[in-house]
Every structure is written in structure tokens, then in C-alpha cells.
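Taken in order, these protein sequences are the chains called A and B. Quick note on numbering: the first sequence equals residues 1 to 267 in our numbering. Quick note on numbering: the second sequence equals residues 1001 to 1267 in our numbering. All C-beta atoms in this analysis are idealised placements derived from N, C-alpha and C, irrespective of residue type, glycine included. Keep in mind the model is a prediction, meaning the values are calculated, not measured.
2 protein chains.
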Amino acid sequence: MPREITSFSNATVKLIRALRDKKARRDEGLFLAEGLRILAEARDEGHLPRIIAFSEKGAAHPLAAEIIAETEEAGGDAIITTPDILSKMSGKDNAQMLLGAYEQPDTSLSQLDRTKADIWFVGEKLRDPGNIGTILRTGDAVGAGGLILIDDCADPFSVETVRASMGALFTQRLAQASWDEFLPWLRSGDGQLVGTSLNTDFDYAAAPYAAPCFILIGNESQGLPTSYEQACDLLVKIPMAGKADSLNAAIAAAVTAFQVRASFRNR
Amino acid sequence: MPREITSFSNATVKLIRALRDKKARRDEGLFLAEGLRILAEARDEGHLPRIIAFSEKGAAHPLAAEIIAETEEAGGDAIITTPDILSKMSGKDNAQMLLGAYEQPDTSLSQLDRTKADIWFVGEKLRDPGNIGTILRTGDAVGAGGLILIDDCADPFSVETVRASMGALFTQRLAQASWDEFLPWLRSGDGQLVGTSLNTDFDYAAAPYAAPCFILIGNESQGLPTSYEQACDLLVKIPMAGKADSLNAAIAAAVTAFQVRASFRNR
């Protein structure tokens, strides 16, 4: 049976609320996901929350009731509470009526199996949590295996990233590594490292992509460092028609990835 | 000569600060852009701010000094002030050292010249200011003419949109209209209306696009209403490989637009 919480100062309320903070997420090894759609996606991928919190209305949906029951069967903590307390937990005025606190997955490179997909994203110093979530969502759509975050990226377990990923955080693999760890790992097996760059004349639409293809995306303001470009097997350019000389990082990732996928489908 | 402002309660400081609010932007007919990069892009497109505010450091850059001088020559108000007051104006802790308040352009459909570009974006009920800015930025990169916002979209003159557009708000045309205004306007001249949809088997990568091509993008959560899909000349589908059934609106816009452009280049 779910336990009822009616106090704003309850320890579990405080714990969930604290998960908006990166340090608390790391210390607890947890992250927050909100809304039936994302929790259902997680369940379908075999992920149940360690803590599930909901209002009476949130529990009324049959799918929500299923997820709540399965969470309890698996030993998770189920909490029924008020919309106000849910809003406090999520930090939003109009909170979702269903929240889950999930264990952070292992993000070491060694848990990745590169043979599982033909496309992988590699993000370097991505600072915008929305971009990281959007790249994960695009990865799901394009059949990618996951996203490897290189060097000092924004935390992929932030509320903003989870929200922008629309559940893809649970379907895509995630890894975190330094460049000096990543490059030897990449070279220990098959893999073509592809960078998008202005320092090439190779049109992205006519490039010889090879699977597994690792698409390297540079930092939002600086792009890729020269030494990282030099480590690539292939540099491609997305031709720019206008005044600007760059695309949003998540847009560049998507345009390249859909082209890579099209080239694989046309073989 | 720029006038110096040292008081937080100065009327111009209050005016600029108020521009973070949609109602004030509409009442004043102004919007805010921040940072040398965007102000320089605006100037290159022939747009100077009505008010320009900067710190001593912000004015030290030769390009900034040029823009400040030109703004004054054009009768604009130039204000030198402190970093703290600039932060108050922009509402950010780490404000840019250069801000401009610009007149909002005419956003009526009648000012659009559809013959100026082969690609146009049409957004329906887009709620995310970042998506609107990102679509403008993509429009610049792909050589689009501009973005037509249909029905109840987020304000394209918000600080978030201007920032995400990376200056493309000044290079792309912008229009705002209801669907009932837009459709007769569209049909009064050449134009292929293309919707991305799941309700078709027509692969976006093999579709017969025709210029000027108007790419219609639906609301972030609901997608396009059925009656809007029925009004399209062509519905195309971006095949999804994963669990999710949708892309971020700005991503779908970009993937489609780069494909349209590629099809025009290959003729």
C-alpha cells in the first residue's frame, strides 16, 4: 500500500526536491523523471523508480496504477500526496501528478556495446541540458545506440535533460568520459569518428560514412578543438546558405545523423 | 556623446528591464538583444537599436564602438552604465556588456515576398521560445526566407527567442497570422504546403518538393490538427527507428528543410 505524506517537511519530500541539485543527484545516485508518458516509457524499457510519488488524480489512470503496483512489488517506495507537495518536489507550479526517482545507470564506457547500433553520438563540452536531452531524443528516433559525453558536459540527469529527452534517457545508452579515455576506447574496436566542421570541403550529404559511425558534436559556442578534429576519421561540412556560420548543436547532430542513416539505408 | 546612468531607478533602466515582459514589449514596440555578436549581425542587416546600453568594457571593443557611434548618428539613445545595472536590465547575473533595444518589425503577411526564397517555415502554436529561435537560426543556415507563426505561438520577441536565434531574428522575415488569414494568403500565389506527419507513408527523403516550399511544423505536444494536415499539398514522414514517435519540433523542421534544400540542389 502506498504511504500517505501530507507534510512539506517530510524527509522523502525533501530528498526528491533536492534532486534538482546536481550534487544531491550524485550523492544519492538518483534522478527525477516526471509525467506518465516518461514513466511508462521507462517501465517498458525495464526501469522502475526507487521512489514513486503521485496525487490521487495521478494514480487514477490505469497505466499509472500499473506502474505504481509494479514499483511496490519491486520493493520501491510509493507515496500518495497532494498536488501542492508534488509541486514542491518538482519545483514547478503546475507539477505533473506522477513523479519517479530513478537510480542513475552506470555511465562507464566499458558498459557500451558498440555493435548494438550503427550510429552513436559523442558530445564534447555540451553545456546546455536541453541540447543533451534533445540529442538523446533524436538518437532514439534515428536508431542510435546512445550518447557519450566527453570532458565537462552539463549533467545528463538534470530535470531539464530528462524532460527534453522525452523518455529517451531510458532507451539510449549514456556514457561519460574524458577525451583521453574515449579515444583509446574508440580505437580498441571498429568505429568511424565523424566531426562536423567548417574546416573541410567534404559535403555531409555525399560523405562515405561507415558503421558504427560516431558523430562528434562540439561545444555550443566554441565548436570542436583542432586536436579533436585531427583525431577524426572524417570531417564533414553542412553547407550554410545564410549569414550565420553555425547551427544549434542538437540541430547539427540531427541533420548529420539522419543523413548517415539515409546513406546506410541506401546501400 | 553617450549619457551616463548610475541609478537603478532611472526610467530607461526600468524601460529596458520591462522588455522581458511580453506586454511591455508590445506596448513599447521594442525588444531586447544582447551581446556584440548579435548586435553586429543586426547592424550588418541594417538594423540599429533605438537604445544601446553598455559598460566601459563593452564599449572598448572597436566593433562595439562603431555600432554605438552609428546608433547615435541615427538618433538612437546611447547609455554608458555599470555592469550591475546592465545585469539588472537583462535580468541575468552575468549580463552581456552590450545591450540593444530594437523596434519590432512589421509582422503582417503582406510584407512577405515569397519569391525571395525557396524555403519558408510555418509554425503552428509553437509554445517554446527556444524552438522558435532555433528554427529562425536553422532558417538562416538553410537559406530560408523566414518563419510564419500561426495561431497562438510564443512571442518571437522574447529574450529566449532572440538568444536562441543567434541573430537570425534580424536576417529572417517573421510574420504572425491566424490559420484563416494564412491559408488564403498562401493560395493567392505559388507555394507548396508540406506537413510532417505520421499519417502518411511518404518518406521525407524521397518526396517531390517544389519551391517555394512552406514547411508546416505543428505544436510541440499535439502536432498538427487533422484539418491542417488535410490542407497540405504534401504530407511527409520522417521514419522513426526507436521507441518514440516524434522529434523535437525544431529538429523535425531542420531535418525536413535540409532534405528539401538537398532536393533543390540536386535538380
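- At a Cβ-Cβ threshold of 7 Å, residue 151(A) and residue 179(A) count as neighbours.
- For residue 255(A), at least one C-beta of chain B is nearer than 7 Å to its own C-beta.
- Not one beta carbon of chain B lies nearer than 7 Å to the beta carbon of residue 264(A).
- Under the Cβ criterion of 7 Å, residue 1094(B) is not counted among the residues facing chain A.
- Short of 6 Å from the beta carbon of residue 1167(B), and not among the five residues preceding or following it, lie these beta carbons of its own chain, in chain order: 1038 and 1041.
- Here residue 233(A) has 192 and 193 as same chain residues with Cβ atoms under 6 Å from its own Cβ, once five neighbours each way along the sequence are excluded.
- Below the 9 Å Cβ cutoff, chain A contributes no neighbours of residue 1132(B), its closest Cβ being approximately 12 Å away.
- Separation of residue 1044(B) and residue 1186(B) (C-alpha to C-alpha, rounded to the nearest whole angstrom) is 30 Å.
- Checking the DSSP bridge columns, you'll see residue 122(A) partnered with 148(A) and 216(A).
- The secondary-structure analysis by DSSP pairs residue 1143(B) with nothing; it has no beta-bridge partner.
- Within the region 1021-1070 of chain B, the runs of alpha helix (DSSP H) at least 4 residues long that lie entirely inside it are, in chain order, 1022-1028, 1036-1044 and 1056-1060.
- Identification of residues in the region 1134-1157 of chain B having a C-beta nearer than 7 Å to some C-beta of chain A yields 1134, 1137, 1138, 1140, 1141, 1142 and 1143, given in sequence order.
- With contacts defined by Cβ atoms closer than 7 Å, residue 1132(B) and residue 1154(B) form a contacting pair.
- Excluding the 5 residues flanking it on each side, residue 252(A) has same chain C-beta neighbours closer than 7 Å at 196, 217 and 238, in chain order.
- Contact of residue 251(A) with chain B is assigned, a C-beta pair being separated by under 7 Å.
- By the criterion of a C-beta distance shorter than 8 Å, residue 65(A) is surrounded in its chain by 59, once the five residues flanking it on both sides are discounted.
- In the structure shown, the three-state DSSP call for residue 241(A) is coil.
- Only 1238, 1240, 1241, 1242, 1243, 1244, 1246, 1247, 1248 and 1250 from the region 1222-1250 of chain B bring a Cβ to less than 8 Å from some Cβ of chain A.
- At a Cβ-Cβ threshold of 7 Å, residue 182(A) and residue 47(A) do not count as neighbours.
- Cβ contact annotation for residue 86(A) (same chain, cutoff 8 Å, sequence separation greater than five): 53, 54, 55, 58, 95, 96, 97 and 99, in chain order.
- Contact annotation: the region 130-145 of chain A does not touch the region 1004-1024 of chain B, with fewer than three C-beta pairs closer than 8 Å.
- Here residue 1211(B) carries a coil assignment [DSSP, helix/strand/coil].
- What residue 1168(B) touches in chain A, judged by beta-carbon distance under 9 Å, is 242, 243 and 244, going in chain order.
- One Cα belongs to residue 1211(B), the other to residue 241(A), and the distance between them is close to 16 Å.
- For residue 1161(B), no chain A residue has a C-beta closer than 8 Å to its own C-beta; the minimum C-beta separation is roughly 13 Å.
- Annotated three-state conformation of residue 203(A) is strand, per DSSP.
- Look at the region 1030-1042 of chain B: the residues with a C-beta under 8 Å from a C-beta of chain A are 1041.
- Taking C-beta separations shorter than 7 Å and ignoring five residues to either side along the sequence, the partners of residue 207(A) in its chain run 234 and 236, following chain order.
- By the neighbour-count definition (other C-beta atoms within 10 Å, threshold 16), residue 1032(B) is a buried residue.
- With fewer than 16 other CB atoms across the displayed protein chains lying within 10 angstroms of its CB, residue 267(A) is exposed.
- Annotated three-state conformation of residue 1196(B) is strand, per DSSP.
- One thing to note: residue 102(A) has its Cβ within 7 Å of the Cβ of residue 49(A).
- Relative to the Cα of residue 250(A), the nearest Cα in the group 23(A), 123(A) and 4(A) belongs to 123(A).
- Beta-bridge pairing by DSSP links residue 1004(B) to 1080(B).
- Following the DSSP letters along the chain, one finds residue 1235(B) inside the beta strand (DSSP E) bounded by residues 1234-1236.
- At the C-beta level, residue 254(A) and residue 215(A) stay beyond 7 Å of one another.
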